[in-house]
Amino acid sequence: MIFLTPGPSKLHPLYPDFMKQAADRHIGSISHRSKEFEKIFQAAVESVRALLGAPADTHVFFLGSATEAMERIVQNCCARKSFHFVNGAFSERFFEIAKELGRDAAAYTSSPGEGFPFSAVSIPPDAELICLTHNETSTGVMIDSADIIRLKEQNPGKLLAVDIVSSAPYPLLSYNHVDAAFFSVQKSFGLPAGLGVLLVNDACLEKAAEISRTGQSIGSYHNFASLLSFAKKNQTPETPNVLGIFLLAKVCEELLRIGIETLRKQTDERAQRLYSFVESHAAMKPFVSIKALRSTTVVTIEVPDAKIFMDRLARLNVQVGLGYGAFKDKHLRVANFCTHTAADIQAFITAGSDR
Ligand SMILES: *Cc1c(COP(=O)(O)O)cnc(C)c1O
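In numbering that gives the first Met the number 0, the protein residues as written are 0 to 354.
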C-alpha cells in the first residue's frame with residue numbers, strides 16, 4: 000500500500016534500517032540523562048536547524064505533538080491578546096486553544112480554500128502574538144513566504160508563530176521574520192507520530208520570562224524556561240520520546256544528504272505533475288482556485304463522490320486522505336511529502352486515471 004495520506008503518511012524508506020540501528024543501540028533502554036542521549040539530542044537539534052535553515056541561536060524543543068506546540072506558544076508568547084489567521088481546521092484549532100487558555104484571542108477568518116488579504120487585515124495594536132498556518136492541511140492552501148516576511152515587517156513589535164506541520168522542511172522561511180515555528184514528524188518526515196518539534200528565538204524566551212515574572216503560568220509540564228534549561232544540557236525536562244528523537248536525527252541527516260534545494264525542486268515537480276493530472280481529469284478539479292495558493296505538499300482535489308474514488312484507489316494499493324470535516328464526501332487529499340517519490344505520484348495518477 001502506498002500511503003499518500005496527509006499524516007500519518009508513508010514512512011521514510013530507511014525506517015526499517017533506522018529501527019534496526021535503534022534496537023542494536025538499545026535506544027529504548029538508555030537513560031535520558033546519559034551522554035549517549037545527549038549526543039542524540041544534539042544531533043537532532045543540529046540537523047533540524049540545518050535542514051530548515053534556522054540560525055545557530057534558534058532553540059529547538061521536543062514536545063509531544065504539534066498541537067502541544069500551539070498550546071505552549073500561546074502560554075509563553077502571549078499574556079493577554081493573540082491574533083489568528085484562520086482558513087481551515089488547523090488554524091482554527093490554534094485560535095481555539097488561545098481562547099481555551101483564557102486569552103483574548105481575535106481572528107481574521109477566510110473561507111476554506113482561500114488565503115488572506117494580508118495588507119487589508121487590521122491586527123489589533125495590543126495583540127502580542129500573531130498565529131499563522133503556512134499550509135492549511137484541511138484544505139490545501141499554502142501561504143507565500145513573502146507574505147510572512149511582510150507580515151512581520153508590518154508588525155515588528157509582535158511575535159509571529161507559524162505552523163509548518165504539513166509543509167516542513169519545504170518552506171523557505173526567513174527566521175529573521177518568524178519567531179516560533181513548529182512541526183510534527185508524521186507528515187513530511189516520514190516517521191510514526193508522537194513527537195512535536197518547536198523552534199523559538201530569544202524574543203520568545205524573553206516574552207516567556209516576562210510573563211512568568213508577573214506570576215502568570217507559562218505551563219507546568221513544559222514551558223520555555225524549563226525546556227531551555229534542559230536543552231542547554233542537551234536534555235528534556237521529562238523522559239522524552241527518545242526513539243522519536245533518534246529517528247528524527249536519522250531522517251534529517253538523510254534529507255540533508257539529498258539537500259534542501261533538491262527536495263524543494265522535487266516537491267515542486269511532483270506537485271506540478273499532480274495538478275496537471277487533476278486539471279486534465281474529467282471528474283477532478285483542484286479545490287483551491289487561485290493557483291498561487293495551491294499547496295505543493297497537500298494537494299486537495301474536488302470530486303463528485305470521494306468515497307468511490309478512495310475505494311477504487313485503495314483496491315489498487317493507493318491510500319489517499321478524504322476531505323477534512325465538512326468536505327469529507329467531496330475532497331480527496333493527496334500528500335506530496337519528502338518521502339514520496341515520482342513513482343508514488345505516478346501510482347496515484349495511474350490508479351485515478353479516467354482513461
Ligand atoms: C497535522 C497537523 C497538526 C496537528 O499535528 P499533531 O502532531 O497531530 O498535533 C497541526 N497543524 C497542521 C497544519 C497539521 O497538518
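By construction, the Cβ of each residue, glycine as well, lies at the ideal position given by its N, Cα and C atoms.
Looking only at C-alpha atoms, which of Thr299, Val277, Ala179, Lys80 sits nearest to Ala53?
Mapped onto the sequence shown, residue 53 falls at position 54. For Ala53, the closest of Thr299, Val277, Ala179, Lys80 by C-alpha to C-alpha distance is Ala179.
N- and C-terminal bounds of the beta strand (DSSP E) containing Thr108:
As a working note, residue 108 is residue 109 in the sequence shown. It spans 103-108 - the beta strand (DSSP E) in which Thr108 sits, taken as one unbroken run.
Which full runs of the alpha helix (DSSP H) of 4+ residues lie inside the segment 211-282, going along the chain?
Whole alpha helix (DSSP H) segments, 4+ residues: 223-230, 241-257, 259-279.
Between the alpha carbons of Arg263 and Ala325, how many angstroms are there, rounded?
On the sequence shown, position 264 is the one that residue 263 refers to. On the sequence shown, position 326 is the one that residue 325 refers to. Roughly 31 Å between the two C-alpha positions.
In terms of residue numbering, what span does the alpha helix (DSSP H) encompassing Ser144 cover?
By one-based count along the sequence shown, residue 144 stands at place 145. 144-153 is the extent of the alpha helix (DSSP H) around Ser144.
Using a Cβ-based criterion (distance less than 7 Å to any ligand heavy atom), does Gly6 qualify as near ligand 1?
Stepping through the sequence shown from its first residue, residue 6 is reached at position 7. Yes - ligand 1 has a heavy atom lying nearer than 7 Å to the Cβ of Gly6.
On a Cα-Cα basis, can you pick out the residue from Val120, Ile300, Asp143, Val319 that is closest to Met309?
Looking up residue 309 in the sequence shown gives position 310. The shortest Cα separation from Met309 among Val120, Ile300, Asp143, Val319 belongs to Val319.
Run the CB neighbour count on Pro285, radius 10 Å, all protein chains shown included, and call it buried at 16 or more, exposed below.
Position 286 of the sequence shown, counted from the first residue, corresponds to residue 285. Burial state of Pro285 is buried, judged by a 10 Å Cβ sphere holding 16 or more other Cβ atoms.
Would you call the segment 153-161 and the segment 36-47 in contact, with 3 or more CB pairs under 8 Å?
By the Cβ rule, the segment 153-161 does not count as touching the segment 36-47, because fewer than three pairs are nearer than 8 Å.
Is Glu260 buried or exposed, if buried means 16 or more other CB atoms sit within 10 Å of its CB?
Position 261 of the sequence shown holds residue 260. By the 16-neighbour rule on beta-carbons within 10 angstroms, Glu260 is exposed.
Using a Cβ-based criterion (distance less than 7 Å to any ligand heavy atom), does Asp304 qualify as near ligand 3?
Ligand 3 is not among the ligands present in this structure, which contains only ligand 1.
Cβ neighbour criterion (16 or more within 10 Å) applied to His33:
Taking the sequence shown and counting its residues from 1, the one referred to as residue 33 is at position 34. Reading the sequence as shown, one finds Ser at residue 33 and not His. Counting Cβ neighbours within 10 Å, Ser33 comes out exposed, since fewer than 16 surround it.
Hey, is the segment 88-102 in contact with the segment 235-249, meaning 3+ C-beta pairs nearer than 8 Å?
The answer is no - the segment 235-249 does not touch the segment 88-102, with fewer than three Cβ pairs under 8 Å.
For the candidate residues Thr340, Glu127, Ala126, Gly322, whose alpha-carbon lies nearest to that of Arg332?
Here residue 332 refers to the residue found at position 333 of the sequence shown. Minimum Cα distance to Arg332 is reached at Gly322.
Report the option in Val140, Ser121, Leu171, Pro168 whose CA atom is closest to the CA atom of Gln153.
By one-based count along the sequence shown, residue 153 stands at place 154. Nearest of Val140, Ser121, Leu171, Pro168 to Gln153, Cα basis: Ser121.
May I ask whether a heavy atom of ligand 1 can be found less than 7 Å away from the beta carbon of Ser64?
The residue given as residue 64 occupies position 65 in the sequence shown. Yes; taking the cut-off as 7 Å, the Cβ of Ser64 has a heavy atom of ligand 1 nearer than that.
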